[in-house]
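**Q** Count along the sequence shown from 1, add 8, and you get the number used in the numbering used here.
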Amino acid sequence: PAVYDNFGDYFRIGATFNNSVNVSQATDKTNYSFGLSAANQEGIVPSSAMNRYTARGFVETQLSKAWRTGFSTNFSHTYASMITGANDAALWALYAAPANYDLKGIPAATESDPYTQILFRSATFNNPYWAQEHNKNDEQTTRIFGNAFLQFSPEISTDGSKTLSFRYQLGIDTYTSYVQNIEEFGSRTGTGSVSHSSWNARNLNSLFTANFNMNFADDFDFGLLLGNEFIHNHGKGVNAWGTVLNYGGFPHLSNTNVRNGSESKNQSRTVGLFANASLSYKSMLFLNVTGRGDIVSSMPRNNRSFFYPSGSLGFVFTELDVFRGSPILSYGKLRGSVAEVGMAGTYSEITYGGPGYGGGFWSTAPNQYPIGGVSSYILSSAVYDPNLKPQNTQSYEVGADLRFLQNRIGVEYTFSRQNIRDQIFPVPLAGSTGKTSMTMNGGRMHTNTHEVSLMLVPIQKRDLRWSVQFNFTKMENYVDELADGVDNIGLGGFVTPQIRAWIGSRYPVIYGESFARDNQGRVLVNDNEFLPNGTRNPNYGFPMMGPMDNLGEVSPDFILGGLTTLNWRSLTLQAIFEWKQGGYMYSGTSGLMRSSNGLDRTTENRESSFIYDGYKSNGQKNDIERGGEGDRRAHQDLAVLLGSIPEFMVFESSFVKLREVSLSYKLPKIYKTFDVTCSVFARNILLWTTYPNMDPESYQGNNNMAGGFERFSVPNTKSLGLSLNIQF
Numbered sequence: 009p010a011v012y013d014n015f016g017d018y019f020r021i022g023a024t025f026n027n028s029v030n031v032s033q034a035t036d037k038t039n040y041s042f043g044l045s046a047a048n049q050e051g052i053v054p055s056s057a058m059n060r061y062t063a064r065g066f067v068e069t070q071l072s073k074a075w076r077t078g079f080s081t082n083f084s085h086t087y088a089s090m091i092t093g094a095n096d097a098a099l100w101a102l103y104a105a106p107a108n109y110d111l112k113g114i115p116a117a118t119e120s121d122p123y124t125q126i127l128f129r130s131a132t133f134n135n136p137y138w139a140q141e142h143n144k145n146d147e148q149t150t151r152i153f154g155n156a157f158l159q160f161s162p163e164i165s166t167d168g169s170k171t172l173s174f175r176y177q178l179g180i181d182t183y184t185s186y187v188q189n190i191e192e193f194g195s196r197t198g199t200g201s202v203s204h205s206s207w208n209a210r211n212l213n214s215l216f217t218a219n220f221n222m223n224f225a226d227d228f229d230f231g232l233l234l235g236n237e238f239i240h241n242h243g244k245g246v247n248a249w250g251t252v253l254n255y256g257g258f259p260h261l262s263n264t265n266v267r268n269g270s271e272s273k274n275q276s277r278t279v280g281l282f283a284n285a286s287l288s289y290k291s292m293l294f295l296n297v298t299g300r301g302d303i304v305s306s307m308p309r310n311n312r313s314f315f316y317p318s319g320s321l322g323f324v325f326t327e328l329d330v331f332r333g334s335p336i337l338s339y340g341k342l343r344g345s346v347a348e349v350g351m352a353g354t355y356s357e358i359t360y361g362g363p364g365y366g367g368g369f370w371s372t373a374p375n376q377y378p379i380g381g382v383s384s385y386i387l388s389s390a391v392y393d394p395n396l397k398p399q400n401t402q403s404y405e406v407g408a409d410l411r412f413l414q415n416r417i418g419v420e421y422t423f424s425r426q427n428i429r430d431q432i433f434p435v436p437l438a439g440s441t442g443k444t445s446m447t448m449n450g451g452r453m454h455t456n457t458h459e460v461s462l463m464l465v466p467i468q469k470r471d472l473r474w475s476v477q478f479n480f481t482k483m484e485n486y487v488d489e490l491a492d493g494v495d496n497i498g499l500g501g502f503v504t505p506q507i508r509a510w511i512g513s514r515y516p517v518i519y520g521e522s523f524a525r526d527n528q529g530r531v532l533v534n535d536n537e538f539l540p541n542g543t544r545n546p547n548y549g550f551p552m553m554g555p556m557d558n559l560g561e562v563s564p565d566f567i568l569g570g571l572t573t574l575n576w577r578s579l580t581l582q583a584i585f586e587w588k589q590g591g592y593m594y595s596g597t598s599g600l601m602r603s604s605n606g607l608d609r610t611t612e613n614r615e616s617s618f619i620y621d622g623y624k625s626n627g628q629k630n631d632i633e634r635g636g637e638g639d640r641r642a643h644q645d646l647a648v649l650l651g652s653i654p655e656f657m658v659f660e661s662s663f664v665k666l667r668e669v670s671l672s673y674k675l676p677k678i679y680k681t682f683d684v685t686c687s688v689f690a691r692n693i694l695l696w697t698t699y700p701n702m703d704p705e706s707y708q709g710n711n712n713m714a715g716g717f718e719r720f721s722v723p724n725t726k727s728l729g730l731s732l733n734i735q736f
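(1) Please determine if the segment 530-541 and the segment 669-682 are in contact, where contact requires at least 3 C-beta pairs separated by less than 8 Å.
(2) Name the two residues that bound the continuous beta strand (DSSP E) containing D229.
(3) Using the beta-carbon count (16 or more within 10 Å), is R577 buried or exposed?
(4) Which ranges would you report for the beta strand (DSSP E) in the segment 357-444 if only whole runs of at least 3 residues count?
(5) Of the choices D535, Y594, G353, whose alpha-carbon is the least far from that of L559?
(6) Could you give the distance in angstroms between the alpha-carbon of T611 and the alpha-carbon of A647?
(7) Quick check: what's the CA-CA separation for N449 versus D13?
(8) With H, G and I counted as helix, E and B as strand and the rest as coil, what does DSSP make of R20?
(9) Less than 8 Å between the beta carbons of G245 and S205, yes or no?
(10) If you drop the 5 nearest sequence neighbours on each side, which residues of the same chain put their C-beta closer than 6 Å to that of R312?
(11) What three-state label does DSSP hand H142 in the structure shown?
(12) Where do the ends of the beta strand (DSSP E) carrying K289 lie?
(13) Hey, quick one: how far does the alpha helix (DSSP H) through A101 stretch, first residue to last?
(14) Hey, T150 and H85 are a contact pair by Cβ (cut 8 Å); roughly how many whole angstroms apart?
(15) Around the C-beta of A352, are 16 or more other C-beta atoms found within 10 angstroms, so that it is buried, or is it exposed?
(16) For E327, collect the residues of the same chain with a Cβ closer than 8 Å to its Cβ; drop the 5 residues on either side in sequence, then sort them by chain order.
(17) State buried or exposed for K629, treating a residue as buried only when at least 16 other CB atoms are found within 10 Å of its CB.
(18) Is it the case that the Cβ atoms of V266 and Q376 are separated by a distance below 8 Å?
(19) Among the residues of its own chain, which have a CB less than 6 Å from the CB of D146, if the five just before and after it don't count?
(20) Quick test of the definition: if touching needs 3 or more C-beta pairs under 8 Å, does the segment 536-551 touch the segment 454-471?
(21) Flag this pair as touching only if the segment 468-478 and the segment 487-506 have three or more C-beta atom pairs under 8 Å; answer yes or no.
(22) The beta strand (DSSP E) that contains Q644, what's its start and end?
(23) Determine contact between the segment 217-236 and the segment 279-287, defined as no fewer than three beta-carbon pairs at a distance below 8 Å.
(24) So if DSSP puts T580 in a beta bridge, which residue, or which two residues, is it bridged to?
(25) Cα separation between D703 and D329?
(26) Which residues mark the beginning and the end of the beta strand (DSSP E) in which L295 is found?
(27) Alpha carbon to alpha carbon, how far is E405 from G340? Give it in angstroms, no decimals.
(28) If I measure Cβ to Cβ from N479 and keep anything under 6 Å in the same chain, skipping five residues before and after, which residues do I get?
(29) For S203, which residues does DSSP report across the bridge?
(30) How big is the Cα-Cα spacing for S670 and N48?
(31) Based on the DSSP output, what are the partners of A63 in its beta bridges?
(32) Grab me the residues of L215's own chain with a C-beta within less than 6 Å of its C-beta, minus the 5 sequence neighbours each way, in chain order.
(33) I'd like the span of the alpha helix (DSSP H) that includes T543, first residue to last.
(34) For the 8 Å Cβ check, are there 3 or more pairs between the segment 30-44 and the segment 102-120?
(35) Among the candidates V658, I507, E561, V476, whose CA atom is the shortest distance from the CA of L574?
(36) For T166, list the residues DSSP reports as bridge partners.
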């Protein structure tokens with residue numbers, strides 16, 4: 009027997025290359041800028057990569073004293089080769105591999121048949137080396153966006169105390185995305201599948217504004233902005249997929265036995281009218297009032313229009329004579345605001361879809377339409393409330409900005425409160441209704457946020473400057489109310505565990521099976537030595553599974569970020585760190601490692617005896633000894649049991665991380681024309697955390713599960729890099 013470094017054998021050192029060139033010039037009447045860039049990346053997983061190429065241009069010119077025009081355009085093409093995650097994870101077998109199994113050295117498939125996999129267990133998941141060679145998951149996206157404008161600014165006063173301008177801008181954003189997913193014949197002991205999907209989007213934005221500014225009474229500045237915005241979004245998607253490949257080596261739709269396709273279209277339109285009025289007095293008092301009304305097509309006809317206003321007030325009290333020239337207080341401002349924001353949902357009337365007869369008891373659907381050339385449609389299982397109305401958010405904010413000792417010390421504080429009402433979400437319905445959910449208004453949340461910034465300049469001399477900045481954020485999101493009779497709703501995840509919103513808890517929470525506990529919160533163990541049929545209980549002395557419960561709040565208690573910069577002549581040294589305290593996260597990867605390969609118990613004799621830390625039903629401390637000679641499966645049985653209890657895989661996700669350290673040097677001018685700056689940097693090089701095995705920021709995507717859910721994902725990386733910037 010030997011010990012193999014399966015992780016080190018599989019993962020590679022990734023590389024990222026960013027190259028760009030930009031040409032720009034400004035003349036008396038015309039400004040222009042053109043640029044090209046390329047980003048090429050090889051991931052730490054052998055089959056992962058990303059290449060992005062972009063081009064952009066901008067031109068603005070003065071046609072006459074009153075007329076000005078310009079345009080900008082951007083083009084990008086991105087190709088990404090990815091790997092599957094979560095339940096379809098390509099890395100499952102890597103994380104689960106025992107240390108004494110040579111995952112790389114042992115062939116991934118039999119010699120006689122390259123589509124019959126070899127793995128330490130049945131290939132319910134793929135051998136990662138086999139998947140790397142045969143499976144494909146890639147995406148290509150081509151995007152073009154830009155706008156053009158025309159501005160007219162007539163002269164309405166000879167002394168410049170009044171200005172007026174009209175501006176019309178038309179923009180378009182269009183992209184096409186193509187996704188290909190291939191599971192070759194033999195993938196996960198199956199017959200494979202092929203899937204192709206494309207999505208085309210076209211978004212049009214028309215914006216007209218009229219802007220008036222005037223100075224009066226020597227001390228007052230007034231501004232008024234009126235505008236109209238028209239937004240039209242259009243999208244079309246086409247999907248084609250096939251299952252049950254006839255043979256390997258030709259992963260093509262024509263090689264599948266069961267083929268299907270779908271098509272989707274959507275479009276929406278928003279028309280908005282808005283106004284913004286501002287008034288300032290002696291650059292000391294600032295008042296700003298806004299209002300916007302929208303009409304949206306994505307809501308029911310009786311609830312398509314909504315209005316939301318805002319107002320803010322700022323007072324720079326150091327402009328008062330009593331504070332002028334103060335050697336201590338350099339700047340002081342008090343500010344406050346009240347705002348309301350409306351957000352439309354998406355409403356659908358009665359929709360139909362094809363019936364499905366799949367399920368956990370069927371490897372393939374027993375019936376699939378069309379049958380004998382006859383198609384079938386049924387009503388959608390999800391319905392929408394015809395009285396659906398837009399979600400509303402009211403926010404209140406107060407704060408202060410202070411600078412001391414000629415701006416050597418700065419302090420900023422902001423407190424904000426957000427009240428979200430009429431939240432839009434699908435509410436679960438009883439099965440007796442024949443429907444699964446109804447999308448409706450029914451939620452209320454509130455958020456309290458404290459933000460504190462501290463800026464210090466301990467050293468400031470002619471050639472040397474050292475500055476330090478800290479940012480403290482504490483955000484608490486609480487769910488106050490959901491629909492009648494609903495105390496929590498699912499946001500994502502599996503059957504168990506899930507990420508949910510729960511009344512009375514900070515948003516969001518992890519939900520799943522917990523450990524059984526007594527009334528003192530202590531873990532209970534199974535103290536029944538024999539099963540009802542008289543056989544020995546394999547879980548005797550082991551913890552018991554409890555009910556579905558809230559397993560932990562995802563949101564941290566606070567986040568503290570820090571930035572320090574040291575400038576000495578042409579050298580700049582900079583470091584960024586972050587401290588995230590509190591919050592919990594589900595780690596399917598750590599749970600798999602613990603239950604499958606004993607990664608967290610490498611120093612433990614797997615045949616030794618042990619007593620699980622818990623309590624019996626009579627309240628006594630557990631004294632049941634398991635393992636040892638004659639009970640060699642105890643460790644394995646315990647691992648299997650713990651792997652079925654999600655609470656076992658929930659960990660605190662606090663961390664302190666040195667995010668980046670960089671050193672840059674600006675060379676002396678070359679021929680009085682060239683500015684050259686060289687930099688070296690290191691990112692994510694130090695991490696302190698109690699979260700096991702993975703960086704707690706290796707979570708599942710940027711969605712409702714972000715920050716609270718991780719399952720067989722790619723590890724986070726540290727990176728070292730060089731940068732060269734030349735300007736002339």
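Where a beta carbon is used, it is the ideal one built from N, C-alpha and C, also for glycine.
Since the structure is predicted, the reported quantities are computational estimates derived from the model, not experimental observations.
**A** Considering the structure as presented:
(1) Verdict: no, contact absent.
(2) Membership of D229 in the beta strand (DSSP E) is indicated by the continuous run 228-253.
(3) Counting Cβ neighbours within 10 Å, R577 comes out exposed, since fewer than 16 surround it.
(4) Whole beta strand (DSSP E) segments, 3+ residues: 390-392, 399-412, 417-436.
(5) Of D535, Y594, G353, the residue nearest in Cα terms is Y594.
(6) Bear in mind that the predicted position of T611 carries a pLDDT of just 39, short of 50, making it too unreliable to give a figure here.
(7) Rounded to the nearest angstrom, the gap between the Cα atoms of N449 and D13 is 53 Å.
(8) Coil.
(9) Result yes, Cβ atoms of G245 and S205 sit closer than 8 Å.
(10) A distance below 6 Å between beta-carbons, with the five flanking residues on each side excluded, links R312 to the following residues of its chain, in chain order: I303, V304.
(11) Note: H142 maps to helix in three-state DSSP.
(12) Note that residue 289 is Tyr in the sequence shown, not Lys. Segment 264-289, the beta strand (DSSP E) holding Y289.
(13) Run containing A101: 100-104, per the alpha helix (DSSP H) assignment.
(14) Yes, T150 and H85 are in contact; Cβ-Cβ is about 5 Å, under 8 Å.
(15) Its Cβ being crowded by 16 or more others within 10 Å, A352 is buried.
(16) Answer for E327: K290, S291, M292, listed in chain order.
(17) Result: exposed.
(18) Yes, the Cβ-Cβ distance between V266 and Q376 is below 8 Å.
(19) The residues S89, Q188, in chain order, have a CB closer than 6 Å to that of D146 in the same chain once the five nearest residues on each side in sequence are set aside.
(20) With the cut-off at 8 Å, the segment 536-551 and the segment 454-471 do not touch.
(21) The segment 468-478, when compared against the segment 487-506, does not touch it at the 8 Å Cβ threshold.
(22) Membership of Q644 in any beta strand (DSSP E) is not indicated; the residue belongs instead to the alpha helix (DSSP H) covering 642-650.
(23) With contact defined as three or more Cβ pairs closer than 8 Å, the segment 217-236 and the segment 279-287 are in contact.
(24) Bridge partners of T580: N575, S672.
(25) About 54 Å.
(26) Start and end: 293-304.
(27) If you take the alpha carbons of G340 and E405, they lie about 17 Å apart.
(28) Only residues of its own chain outside the window of five on either side were considered, and among them S461, G569 have a CB closer than 6 Å to the CB of N479, listed in chain order.
(29) Per DSSP, N189, W249.
(30) For the pair S670 and N48, the Cα-to-Cα distance works out to about 22 Å.
(31) Per DSSP, L44, F83.
(32) Answer for L215: Q177, E237, listed in chain order.
(33) Run containing T543: none; DSSP gives neither H nor E here.
(34) No: the two stretches stay apart, fewer than three of their Cβ pairs being nearer than 8 Å.
(35) Of V658, I507, E561, V476, the residue nearest in Cα terms is V476.
(36) According to DSSP, T166 bridges with nothing at all.
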